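Below: one structure, written as structure tokens.
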Amino acid sequence: MDNLEEGINNAEVQPEYDMEFARYGPNPIELPMSPPRTPSPDAHDPEFRRELSPFSVSSSMTSVDSMESVGYFREEGGRMFPAMPNVPVVLPVDREEMRRISGQYDLLKLISSDRHYEEINGLLNPPHKASIRVLNVISNSPWIDDMAQEYPHTSDYKFWLREWKRLLRPGGILVAEDLEMATWNCDGSDPWQSTPMVCQFVDRMHMSLLAQGIDNSCTELVGSWLHEIGGFSEIDNTVTSIPIGGWDTDELQQEIGNMARDNFVSALLTVSPHFRRAGTSQEQIDEMLVQARAELSDSDNIIFQRLFYTFARKEEAELDVS
Numbered sequence: 000m001d002n003l004e005e006g007i008n009n010a011e012v013q014p015e016y017d018m019e020f021a022r023y024g025p026n027p028i029e030l031p032m033s034p035p036r037t038p039s040p041d042a043h044d045p046e047f048r049r050e051l052s053p054f055s056v057s058s059s060m061t062s063v064d065s066m067e068s069v070g071y072f073r074e075e076g077g078r079m080f081p082a083m084p085n086v087p088v089v090l091p092v093d094r095e096e097m098r099r100i101s102g103q104y105d106l107l108k109l110i111s112s113d114r115h116y117e118e119i120n121g122l123l124n125p126p127h128k129a130s131i132r133v134l135n136v137i138s139n140s141p142w143i144d145d146m147a148q149e150y151p152h153t154s155d156y157k158f159w160l161r162e163w164k165r166l167l168r169p170g171g172i173l174v175a176e177d178l179e180m181a182t183w184n185c186d187g188s189d190p191w192q193s194t195p196m197v198c199q200f201v202d203r204m205h206m207s208l209l210a211q212g213i214d215n216s217c218t219e220l221v222g223s224w225l226h227e228i229g230g231f232s233e234i235d236n237t238v239t240s241i242p243i244g245g246w247d248t249d250e251l252q253q254e255i256g257n258m259a260r261d262n263f264v265s266a267l268l269t270v271s272p273h274f275r276r277a278g279t280s281q282e283q284i285d286e287m288l289v290q291a292r293a294e295l296s297d298s299d300n301i302i303f304q305r306l307f308y309t310f311a312r313k314e315e316a317e318l319d320v321s
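Here numbering that gives the first Met the number 0 is used: the first residue of the sequence shown is 0, the next is one more, and so on.
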């Protein structure tokens with residue numbers, strides 16, 4: 000998540016959860032069961048045929064070859080970023096980051112693919128012929144940098160929530176899912192005692208983002224903000240504890256934990272240019288990465304991270320009977 004609305008006091012906004020929290024995370028740990036396989040509709044069945052979206056035309060896509068990319072991207076700390084002046088350094092846009100995002104998607108799909116399946120499937124597979132639209136509100140390209148410069152007020156994340164509500168049809172569904180970059184101990188103890196280098200890495204990353212005007216600590220406030228905005232008939236907040244590493248005895252949780260650990264390590268590599276900007280040498284960064292990776296791989300560290308998931312349905316339009 001990106002910037003908070005100017006003037007918002009986080010201490011006064013209490014997020015609503017389906018779980019009770021101990022000091023250092025949810026207690027007891029709630030880990031998901033194995034998700035069911037999503038049924039694939041028969042492509043030849045007329046019931047599942049849909050109108051093509053007018054926006055799903057290949058000619059609307061633009062490719063940038065390696066020669067043209069020089070003007071679009073710049074190298075910093077060994078990673079590629081959009082070549083836009085005065086744009087915050089957040090995440091790179093190179094192949095390594097695309098691979099990390101792909102792996103993270105597989106992780107989230109394994110955890111969350113069964114959440115609100117009936118509601119989402121019912122909306123996207125109605126019994127009648129309908130024009131279906133799905134909007135993925137994520138961008139990691141120069142487009143978002145252009146928008147940030149031309150429309151600085153859009154850094155207000157609550158503004159975007161209101162826009163998403165406006166774009167939804169009555170009865171439409173909004174799903175927000177954010178994986179927190181932080182570790183928690185299952186026994187409720189301070190994570191600085193078990194994963195000090197990881198905690199230092201995360202803290203320095205947050206400080207670097209704050210120095211650029213970005214506060215990524217609002218992931219847990221989405222549900223509360225949607226309640227405040229109003230216009231939703233259903234808002235469901237869930238916080239899931241995801242094991243980091245293969246310490247769980249369940250086979251599925253071991254798979255999830257190993258994927259989460261690999262994604263966390265890749266994320267540490269992704270944010271390392273923030274430290275170069277702060278004057279940290281590459282040798283120091285490499286040493287920090289080695290220590291952080293060792294902490295995440297230590298079988299004695301029974302740790303997890305949190306996944307914030309919000310499901311919201313826009314209110315149905317009221318019929319005018321006057």
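Glycine included, each C-beta is placed from N, C-alpha and C at the ideal position. Source: prediction; values computed, not measured.
Is the beta carbon of residue i sitting closer than 8 Å to the one on residue j?
i    : j    : result
I228 : I172 : no
I110 : I241 : yes
M287 : M196 : yes
M238 : R305 : Met is not the amino acid found at residue 238; the sequence shown has Val there. Yes, the pair counts as a contact, with Cβ atoms nearer than the cut-off.
F274 : C185 : no
F200 : A277 : no
A175 : V221 : yes
A82  : R73  : yes
K157 : W224 : yes
Do you know whose CA, among the options, lies nearest residue i's CA?
i    : options                   : result
D247 : R312, M258 and E117       : M258
N236 : R98, Q103 and H226        : H226
S298 : I213, G245, D261 and I234 : G245
R161 : L178, L122, E96 and F231  : F231
S216 : F307, E314, G121 and A82  : F307
A293 : T194, K128 and D249       : T194
D202 : E179, G187, M79 and R260  : E179
D177 : Q103, C198, Y116 and I213 : Q103
C198 : T182, Q211 and G212       : T182
L267 : T218, E254, D249 and V289 : V289
E254 : W191, K108, F80 and E96   : K108
H115 : S280, G187, E233 and M97  : E233
Run through DSSP, which three-state label would residue i get?
i    : result
R22  : Note that R22 has pLDDT 30, beneath the 50 cutoff, so the model's placement of it is unreliable and no number is given.
K164 : helix
V92  : coil
K313 : strand
M97  : helix
Q304 : strand
H43  : With a pLDDT of only 43 at H43, under the threshold of 50, the placement of this residue in the model should not be trusted, and no figure is reported.
N184 : strand
D189 : coil
A175 : strand
P195 : helix
R78  : strand
R73  : strand
A129 : coil
R114 : coil
N120 : helix
G102 : helix
Please report the Cβ distance between residue i and residue j, rounded to the nearest whole angstrom; I am assuming they are in contact, meaning their Cβ atoms lie under 8 Å.
i    : j    : result
L90  : T309 : Rounded, the Cβ-Cβ distance is 22 Å, inconsistent with contact.
I243 : L295 : 6 Å
S271 : G76  : 6 Å
L106 : N262 : 6 Å
A316 : P126 : About 19 Å; that fails the 8 Å criterion.
Requested in this report: At 3 residues or longer, and completely inside the region 198-272: list those beta strand (DSSP E) runs for me, N to C.
Outcome: Entirely contained in the region 198-272, the beta strand (DSSP E) runs reaching 3 residues are, in chain order, 231-243.
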